[in-house]
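Q: Keeping their order, the protein sequence lines are chains A and B. Residue numbers for the first sequence follow numbering that gives the first Met the number 0, beginning at 0 and rising by one. Residue numbers for the second sequence follow numbering that gives the first Met the number 0, beginning at 0 and rising by one.
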Amino acid sequence: MKGIAVSTTVNGDAVEYVCHGRETLLDVLRNHLGLTGAKEGCGTGDCGACSVTLDGELVCSCLVLGAEVEGRTVETIEGMADGDKLHPLQKRFLDGAALQCGICTPGFLIAAKALLDRNNNPSESEIRYALAGNLCRCTGYDKIVRAVSAAAGDMRRQQKAQARRRATR
Amino acid sequence: MGWSDMRYESPKSTREAVALMAGAKGNAFLLAGGTDLLVRMRGEFIDPDLVVDIKRIPGFQEITRNASGFSIGAGVPCAKLGRNKTLVRAWPGVVEAAQLIGSDQIQGRCTIAGNLCNASPAADSVPALVAAKAKAVIVGPGGTRRTAVENIVTGPGKTSLGKGEIVKAIVLPDRPAKSGDAYLRFIPRSEMDIAVCSAGVSLTLGTGNVVKQARVALGAVAPTVVLVPEAARAIVGTRLDDAALKKLAAACEAACSPIDDKRGTVEYRTEVAGVLARRAATIAFERARRKR
Chain A
0 MKGIAVSTTV NGDAVEYVCH GRETLLDVLR NHLGLTGAKE GCGTGDCGAC SVTLDGELVC
60 SCLVLGAEVE GRTVETIEGM ADGDKLHPLQ KRFLDGAALQ CGICTPGFLI AAKALLDRNN
120 NPSESEIRYA LAGNLCRCTG YDKIVRAVSA AAGDMRRQQK AQARRRATR
Chain B
0 MGWSDMRYES PKSTREAVAL MAGAKGNAFL LAGGTDLLVR MRGEFIDPDL VVDIKRIPGF
60 QEITRNASGF SIGAGVPCAK LGRNKTLVRA WPGVVEAAQL IGSDQIQGRC TIAGNLCNAS
120 PAADSVPALV AAKAKAVIVG PGGTRRTAVE NIVTGPGKTS LGKGEIVKAI VLPDRPAKSG
180 DAYLRFIPRS EMDIAVCSAG VSLTLGTGNV VKQARVALGA VAPTVVLVPE AARAIVGTRL
240 DDAALKKLAA ACEAACSPID DKRGTVEYRT EVAGVLARRA ATIAFERARR KR
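(1) Can you list, in chain order, the residues of its chain whose CB lies under 7 Å from that of residue 109 of chain B, leaving out five sequence neighbours each side?
(2) When you compare the CB positions of residue 7 of chain A and residue 68 of chain A, do they come within less than 8 Å of one another, or not?
(3) Report the three-state DSSP secondary structure of residue 43 of chain A (helix, strand or coil).
(4) Mapping the DSSP letters down to three states, classify residue 52 of chain B as helix, strand or coil.
(5) Between the segment 53-71 of chain A and chain B, which residues of the former have CB atoms less than 8 Å from a CB of the latter, in chain order?
(6) Mind checking the segment 41-54 of chain B against chain A and listing, in chain order, the residues whose C-beta falls within less than 8 Å of any C-beta there?
(7) Between the segment 132-149 of chain A and the segment 94-101 of chain A, do three or more beta carbon pairs fall short of 8 Å?
(8) Over what stretch of residues does the beta strand (DSSP E) that includes residue 196 of chain A continue unbroken?
(9) For residue 15 of chain B and residue 142 of chain B, I'd like the C-alpha separation in whole angstroms.
(10) Would a C-beta distance cut-off of 8 Å place residue 210 of chain B and residue 236 of chain B closer than the cut-off?
(11) Is it the case that the Cβ atoms of residue 226 of chain B and residue 216 of chain B are separated by a distance below 8 Å?
(12) Could you confirm whether any beta carbon from chain A is found closer than 8 Å to the beta carbon of residue 78 of chain B?
(13) Run through DSSP, which three-state label would residue 157 of chain A get?
(14) Going along chain A, which residues have a C-beta under 7 Å from residue 102 of chain B?
(15) So, for residue 23 of chain B: in the same chain, excluding its five sequence neighbours on each side, which residues have a beta-carbon less than 6 Å away from its beta-carbon?
(16) Of all the CB atoms in chain A, is at least one closer than 8 Å to the CB of residue 309 of chain B?
(17) Measure from the alpha carbon of residue 56 of chain B to the alpha carbon of each residue in B:132, B:13, B:229 and B:43, then state which is nearest.
(18) In the structure shown, what three-state DSSP assignment does residue 153 of chain B receive?
(19) What do you reckon, is the C-beta of residue 5 of chain A under 7 Å from a heavy atom of the ligand MG?
(20) Quick check: what's the CA-CA separation for residue 0 of chain B versus residue 118 of chain B?
(21) Could you have a look at residue 184 of chain B and say whether DSSP puts it in helix, strand or coil?
(22) How would you list, in chain order, the residues of chain A whose beta-carbon sits under 7 Å from the beta-carbon of residue 110 of chain B?
(23) Can you tell me whether residue 140 of chain A is helix, strand or coil according to DSSP?
(24) Identify whether residue 222 of chain B lies in helix, strand or coil by the three-state DSSP scheme.
(25) Kindly list, in the order they appear in chain B, the residues whose Cβ is closer than 7 Å to that of residue 4 of chain A.
(26) With DSSP collapsed to three states, give me the class of residue 289 of chain B.
(27) If you draw a straight line from the alpha carbon of residue 58 of chain B to that of residue 154 of chain B, how long is it in whole angstroms?
(28) Is the CB-CB distance between residue 111 of chain A and residue 104 of chain B below 8 Å?
(29) Quick check on residue 73 of chain A: does DSSP put it in helix, strand or coil?
(30) Compute the Euclidean distance between the alpha carbons of residue 96 of chain B and residue 166 of chain A, then round it to the nearest angstrom.
(31) So with CB distances below 9 Å, who are the chain A contacts of residue 191 of chain B?
(32) Which runs of the beta strand (DSSP E) spanning at least 3 residues fall entirely within the segment 6-83 of chain B, listed in chain order?
(33) So which residues of chain A does residue 38 of chain B contact, with C-beta pairs closer than 8 Å?
(34) Does the distance from the C-beta atom of residue 169 of chain B to that of residue 133 of chain B stay below 8 Å?
(35) To the nearest angstrom, how far is the alpha carbon of residue 135 of chain B from that of residue 74 of chain B?
(36) Kindly list, in the order they appear in chain A, the residues whose Cβ is closer than 7 Å to that of residue 5 of chain B.
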């Protein structure tokens, strides 16, 4: 059987690929598009290392077929920084040593961003619930939770500063 | 099992989807959120020849409301139920049950129609849907039919759906203003687990906050979710006093025939099912009482 031709948008770029029916979005990202930020941990939706957003919805890319993504919008860890400028979450993860081996980090960053995009001032408990689908076997989670909380503060300050600039313009 | 031996289709109409499923030779599966299907494929529990993705069919990704209630398309991810304020206000128990399924990542994909058709006795949304008197809208080679949600699952992993039949939507009926529902499950941890046992209760209050109508359903204590009319009868006509709640718990315990495994013994599941039903009834009652 011939492959399935898919046209979609990944991190704002129009992308085309041919995949087989069984290939997941994670397979496509890593093996066809060279985007190896999303990791395969479990392959069954338990660990969150392959987290991406699909039309703005946080999902495990290992539980999405590559063929399903036709005409949709995918955001991966590769699209998180603005050129050389790291996202506040990425900066806080580095500054706060919220990672050790790093395998889970892209998934945590994507899931944390999905949380902060809808709640810019989450409580510790809200952060822990929102990241319950991401497993880390190194850090014990505390540094991750603190980094997300600190990044939320940074983003609120940025938003305030932007609002002030708009008001004085 | 090779990479290229599975056909993927994403039909644009129910007619096309029904024809694909009805005409399929070999193993054909419907794909909604994929959070069960892809896991089963990956574990080689199933080996599909055809996967029919229903999410591109118009209306399958929508929640609509009309005079007879809410209709939740079979492709609507549970995350969207939680963002629909009218639905949350009308059916808080159904929404809280649906939102207990998996992590935020799973919520972004999983659907209540899929949760139903996967036919697990421990499916979180199903006791709440049965208590809510929800109906499944089914399209198939013979046209469209509606049936009560409790008629769909016949045993673990088994449904009453015929070849080519597809659950198109789950319909939650309209109900009187002073109504409430609730769902509780027991798991040995705080998140990300499968119910050891669970209870869904939906009730409507009459004058003087007397329970006028009630439905009680239990999960993970039998091969299918069980509706317990005796438990409902125990609280109808009462203000949910302690005696009524005791009778409700006893009726629930009597309806249990659970499995015995490392996650819970028969005795444990049976007793906890009664406790959860009591607590869920109390929450549903409070929710109804606060409404005008």
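Glycine included, every Cβ here is placed at the ideal spot set by N, Cα and C.
A: According to the structure data:
(1) Residue mapping note: residue 109 of chain B aligns to position 110 of the second sequence, counting from 1. Here the set comprises 32, 34, 76, 77, 100 and 101.
(2) Here the question's residue 7 of chain A lines up with position 8 in the first sequence. Here the question's residue 68 of chain A lines up with position 69 in the first sequence. It is a contact, given that the beta carbons lie within the stated cut-off.
(3) The residue you call residue 43 of chain A lines up with position 44 of the first sequence. Residue 43 of chain A falls in the coil class under three-state DSSP.
(4) Reading the second sequence from its first residue, position 53 is the one you call residue 52 of chain B. In this structure, residue 52 of chain B counts as strand in the three-state DSSP scheme.
(5) 53, 56, 57, 58, 59, 61, 62, 63, 64, 66, 67 and 69
(6) 41, 42, 50, 52 and 54
(7) yes
(8) It is not possible to answer for residue 196 of chain A, since the shown part of chain A is limited to 0 through 168.
(9) Counting from 1 along the second sequence, the entry for residue 15 of chain B is found at position 16. Counting from 1 along the second sequence, the entry for residue 142 of chain B is found at position 143. Approximately 13 Å between the Cα atoms of the pair.
(10) Taking the second sequence and counting its residues from 1, one reaches residue 210 of chain B at position 211. Taking the second sequence and counting its residues from 1, one reaches residue 236 of chain B at position 237. Taking 8 Å as the Cβ cut-off, residue 210 of chain B and residue 236 of chain B qualify as a contacting pair.
(11) Along the second sequence, read from residue 1 onward, the residue named residue 226 of chain B stands at position 227. Along the second sequence, read from residue 1 onward, the residue named residue 216 of chain B stands at position 217. Yes, the pair counts as a contact, with Cβ atoms nearer than the cut-off.
(12) Locating residue 78 of chain B in the second sequence gives position 79, where the first residue counts as 1. True, the Cβ-Cβ gap to chain A drops below 8 Å.
(13) For the purposes of this step, residue 157 of chain A is taken as the residue at position 158 of the first sequence. It is helical.
(14) Position 103 of the second sequence holds residue 102 of chain B. Within 7 Å Cβ-Cβ: 47, 131 and 132.
(15) As a working note, residue 23 of chain B is residue 24 in the second sequence. 49.
(16) Not covered by the structure: residue 309 of chain B. The range shown for chain B is 0 to 291.
(17) Position 57 of the second sequence holds residue 56 of chain B. Here the closest residue by C-alpha is B:13.
(18) Indexing the second sequence from 1 puts residue 153 of chain B at position 154. In the structure shown, residue 153 of chain B sits in a strand (DSSP, three-state: E or B).
(19) Among the components of this structure there are no ligands whatsoever, and the ligand MG is therefore not found.
(20) Taking the second sequence and counting its residues from 1, the one referred to as residue 0 of chain B is at position 1. Taking the second sequence and counting its residues from 1, the one referred to as residue 118 of chain B is at position 119. In this prediction, residue 0 of chain B scores a pLDDT of 47, lower than 50, which makes its location untrustworthy; the coordinate-derived value is nonetheless stated afterwards. Near 25 Å, if we compare the C-alpha coordinates of residue 118 of chain B and residue 0 of chain B.
(21) Numbered from 1 along the second sequence, position 185 holds the residue referred to as residue 184 of chain B. Here residue 184 of chain B sits in strand by DSSP.
(22) One-based indexing of the second sequence puts residue 110 of chain B at position 111. Under the 7 Å cutoff, chain A gives no residues; its nearest Cβ is about 12 Å from residue 110 of chain B.
(23) If you number the first sequence from 1, residue 140 of chain A lands on position 141. It is coil, neither helix nor strand.
(24) By 1-based counting over the second sequence, the position of residue 222 of chain B is 223. Residue state, collapsed to three classes: coil.
(25) Taking the first sequence and counting its residues from 1, the one referred to as residue 4 of chain A is at position 5. Per Cβ cutoff of 7 Å: no residues; residue 4 of chain A is ~12 Å from chain B at best.
(26) Taking the second sequence and counting its residues from 1, one reaches residue 289 of chain B at position 290. Three-state DSSP puts residue 289 of chain B in coil, outside helix and strand.
(27) The residue labelled residue 58 of chain B in the question sits at position 59 within the second sequence. The residue labelled residue 154 of chain B in the question sits at position 155 within the second sequence. Cα to Cα, the separation comes out at about 29 Å.
(28) The residue labelled residue 111 of chain A in the question sits at position 112 within the first sequence. The residue labelled residue 104 of chain B in the question sits at position 105 within the second sequence. Not in contact: residue 111 of chain A and residue 104 of chain B (Cβ atoms no closer than 8 Å).
(29) Position 74 of the first sequence, counting from 1, holds the residue named residue 73 of chain A. Looking at residue 73 of chain A - three-state DSSP - the assignment turns out to be strand.
(30) In the second sequence, the residue the question calls residue 96 of chain B occupies position 97. In the first sequence, the residue the question calls residue 166 of chain A occupies position 167. Roughly 44 Å between the two C-alpha positions.
(31) Within the second sequence, residue 191 of chain B is the residue found at index 192, counting from 1. Residues of chain A passing the Cβ test: 45, 131 and 132.
(32) 6-8, 27-30, 49-52, 62-65 and 68-72
(33) Your numbering for residue 38 of chain B matches position 39 in the second sequence. The answer, in chain order, is 43, 44 and 62.
(34) Here residue 169 of chain B is taken as the residue at index 170 of the second sequence, counted from 1. Here residue 133 of chain B is taken as the residue at index 134 of the second sequence, counted from 1. Yes, they are a contact pair.
(35) In the second sequence, counting from the first residue as 1, residue 135 of chain B sits at position 136. In the second sequence, counting from the first residue as 1, residue 74 of chain B sits at position 75. Answer to the nearest angstrom: the Cα atoms are 13 Å apart.
(36) For this step, residue 5 of chain B is matched to residue 6 along the second sequence. Result: 20 and 21.
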